[in-house]
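Notes follow once the structure below has been shown.
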Amino acid sequence: MSNKRPLILRAFDGESVERPPVWFMRQAGRYLPEYRAVRKGHTFLTMCHNPELATEVTLQPLRRYPLDAGIVFSDILLPLESMGSQLEYVPGTGPVIRNPVRTATDVAALKEFDPVRDLPATMETIRMCIEQADVPILGFAGAPFTMACYLIEGQGSRNWPQVKKLMMSEPALFGALLDRLADAVGDHLQAQVDAGAAAVQLFDTWAGALTPDDFRRWALPASRRALARVSGAPRLFFTKDSACFLPWLREIEADAYALDWRVDIDRAREILGDVPVQGNLDPQSLHAPHEEIRRRVHRVIEKAGPRGHIFNLGHGLTPDIPPEGVGAAIDAVRSWSWS
Ligand code: CP3
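Under my numbering, the residue at position 198 of the sequence shown is numbered 207, and the numbers go up by one with no gaps.
Structure representation (structure tokens):
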């Protein structure tokens, strides 16, 4: 293994591998007692802006489990703070922006985002993690549409009424906002690659709230614009509730696509064609008895096939998930052999 390329990079290249590489979205976080212990003394934002603390919590899951990659500890909403948002993480509510963007004046007032100047801690965390970990470190950002959701609505929402109101009543303004966000998150991903990230993932968590027509008109070209600014490492695109978008997903021109659990991974591969995929275990499976976890993990691997598959969940780990279930899933992936 020592002189071989890391398993995850071989899977991104579409090589046949003995077993899929495995990492989990939100693998650092509140389901881990060691995370809660660090978090007790600091706010979430303080941790994101402090390279020592961010490095510590990035490495925690890598010490506990034999994962094939780490993901830098940060949050998709940090660039919005640099652009002028008054961002807070409110227990029970999640992220809240006190000054949401709703008008042309609000859009014009957004500040330029320069990732190296504005988020030096993230780049420093990547460099420190690379020194201390023996697996590749991934970077990430929020996709333009998902960023626009928080920026306009001001907090998480089921139906995103303010977002859709602006999209439908002021399409030119909405388009200009997506363009600005696309350039910002594209530059943010490139800065993470320049700091050493082995691959980057763009999270379009809320694109599934759109109709297929609106997805193609707004979310898709904005993510393509963001990813077109990034080179030098594989670029993954994640969206939730994306089954009906599969026929057009490749137009985003990502290097790999991360799928949620509501889609059959074999069927998705047929539609997507020859491109690596990541996913797609239902995170709630990790509450199941370990034998059932193992059965479900193996079912995903079997359906995905031996080439170009990165094992992951269909969405992030949530605070209620037992760490033992996470361990059982990783063991099940590692015990698989295609030969
Ligand atoms: O995956 C990792 O381990 C890396 C870190 C990471 C976080 N957020 C840390 C975090 C990543 C990749 C994200 C991405 C993110 N953040 C997304 C896209 C992925 C997804 O899950 O859909 C979104 C939509 C956000 C915005 C955000 N940040 C939400 C909705 C929340 C949860 C609020 C809550 O209280 O449940 C956050 C906060 C957050 N981001 C936490 C962590 C570990 C919890 C903060 C805490 O300790 O209180």
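We put the CB at the ideal spot given by N, CA and C, even for glycine.
If you measure from the CB of residue i, is any heavy atom of the ligand CP3 nearer than 7 Å?
{"i": "leucine 54", "result": "no"}
{"i": "isoleucine 135", "result": "no"}
{"i": "proline 104", "result": "yes"}
{"i": "threonine 214", "result": "yes"}
{"i": "glutamine 293", "result": "no"}
{"i": "tyrosine 98", "result": "yes"}
{"i": "leucine 76", "result": "no"}
{"i": "serine 166", "result": "no"}
{"i": "serine 83", "result": "yes"}
{"i": "glycine 38", "result": "yes"}
{"i": "threonine 372", "result": "Because the chain here runs from 10 to 348, residue 372 falls outside it and cannot be looked at."}
{"i": "isoleucine 319", "result": "no"}
{"i": "histidine 197", "result": "no"}
{"i": "leucine 186", "result": "no"}
{"i": "histidine 324", "result": "yes"}
{"i": "arginine 271", "result": "no"}
{"i": "phenylalanine 149", "result": "yes"}
{"i": "leucine 268", "result": "no"}
{"i": "leucine 119", "result": "no"}
{"i": "methionine 34", "result": "yes"}
{"i": "arginine 73", "result": "no"}
{"i": "arginine 107", "result": "no"}
{"i": "arginine 244", "result": "no"}
{"i": "leucine 14", "result": "According to the sequence as given, residue 14 is arginine; it is not leucine. Every heavy atom of the ligand CP3 is 7 Å or more from the Cβ of arginine 14, so no."}
Alpha carbon to alpha carbon, how far is residue j from residue i? Give it in angstroms, no decimals.
{"i": "leucine 16", "j": "lysine 249", "result": "25 Å"}
{"i": "methionine 177", "j": "leucine 87", "result": "27 Å"}
{"i": "aspartate 203", "j": "lysine 173", "result": "35 Å"}
{"i": "aspartate 222", "j": "glycine 101", "result": "33 Å"}
{"i": "arginine 225", "j": "alanine 231", "result": "10 Å"}
{"i": "phenylalanine 320", "j": "aspartate 329", "result": "21 Å"}
{"i": "proline 29", "j": "valine 239", "result": "25 Å"}
{"i": "leucine 187", "j": "arginine 305", "result": "38 Å"}
{"i": "alanine 252", "j": "asparagine 289", "result": "12 Å"}
{"i": "arginine 72", "j": "proline 180", "result": "48 Å"}
{"i": "glutamate 61", "j": "proline 256", "result": "43 Å"}
{"i": "glutamate 301", "j": "glycine 325", "result": "20 Å"}
{"i": "valine 194", "j": "aspartate 127", "result": "13 Å"}
{"i": "tyrosine 44", "j": "glycine 79", "result": "15 Å"}
{"i": "isoleucine 310", "j": "threonine 220", "result": "30 Å"}
{"i": "serine 166", "j": "phenylalanine 247", "result": "19 Å"}
{"i": "glycine 217", "j": "glutamine 95", "result": "26 Å"}
{"i": "threonine 134", "j": "glutamine 171", "result": "35 Å"}
{"i": "isoleucine 274", "j": "histidine 318", "result": "10 Å"}
{"i": "serine 25", "j": "valine 144", "result": "19 Å"}
{"i": "serine 11", "j": "glutamine 210", "result": "Low per-residue confidence applies at serine 11: pLDDT is 47, beneath 50, and the placement is therefore not dependable enough to give any value."}
{"i": "alanine 382", "j": "methionine 56", "result": "Nothing in the structure corresponds to residue 382, since the chain is present only between 10 and 348."}
{"i": "proline 42", "j": "lysine 49", "result": "11 Å"}
{"i": "arginine 14", "j": "alanine 113", "result": "48 Å"}
{"i": "alanine 200", "j": "aspartate 192", "result": "12 Å"}
{"i": "glutamate 162", "j": "valine 99", "result": "15 Å"}
{"i": "leucine 175", "j": "arginine 303", "result": "45 Å"}
If we call anything under 8 Å between Cβ atoms a contact, is residue i one with residue j?
{"i": "aspartate 264", "j": "proline 292", "result": "no"}
{"i": "glycine 23", "j": "proline 285", "result": "yes"}
{"i": "alanine 67", "j": "valine 81", "result": "One point to set straight first is that residue 67 is threonine, not alanine, in the sequence displayed. Yes, Cβ-Cβ distance for threonine 67 and valine 81 is below 8 Å."}
{"i": "lysine 120", "j": "methionine 156", "result": "no"}
{"i": "tryptophan 215", "j": "tryptophan 270", "result": "no"}
{"i": "phenylalanine 33", "j": "leucine 322", "result": "yes"}
{"i": "alanine 338", "j": "histidine 307", "result": "no"}
{"i": "leucine 268", "j": "glutamine 287", "result": "yes"}
{"i": "proline 104", "j": "tyrosine 159", "result": "yes"}
{"i": "leucine 147", "j": "alanine 208", "result": "yes"}
{"i": "arginine 111", "j": "glutamate 97", "result": "no"}
{"i": "isoleucine 85", "j": "phenylalanine 183", "result": "no"}
{"i": "glutamate 262", "j": "arginine 233", "result": "yes"}
{"i": "arginine 343", "j": "proline 75", "result": "yes"}
{"i": "alanine 130", "j": "asparagine 59", "result": "yes"}
{"i": "phenylalanine 154", "j": "alanine 237", "result": "no"}
{"i": "alanine 150", "j": "leucine 198", "result": "yes"}
{"i": "glutamate 27", "j": "serine 346", "result": "yes"}
{"i": "tyrosine 40", "j": "proline 332", "result": "yes"}
{"i": "alanine 354", "j": "valine 116", "result": "As displayed, the chain neither begins before 10 nor continues past 348, which places residue 354 out of reach and without an answer."}
{"i": "histidine 296", "j": "glycine 334", "result": "yes"}
Can you name the residues that DSSP bridges to residue i?
{"i": "isoleucine 106", "result": "Leu96"}
{"i": "serine 25", "result": "Arg316"}
{"i": "isoleucine 80", "result": "Leu147"}
{"i": "glutamine 210", "result": "Phe149, Leu245"}
{"i": "valine 286", "result": "Tyr266, His318"}
{"i": "valine 31", "result": "Phe320"}
{"i": "glutamine 164", "result": "Val105"}
Would you please verify whether the beta carbon of residue i is less than 8 Å from any beta carbon of chain D?
{"i": "arginine 276", "result": "Although the question refers to chain D, the structure presented lacks it and comprises just one protein chain."}
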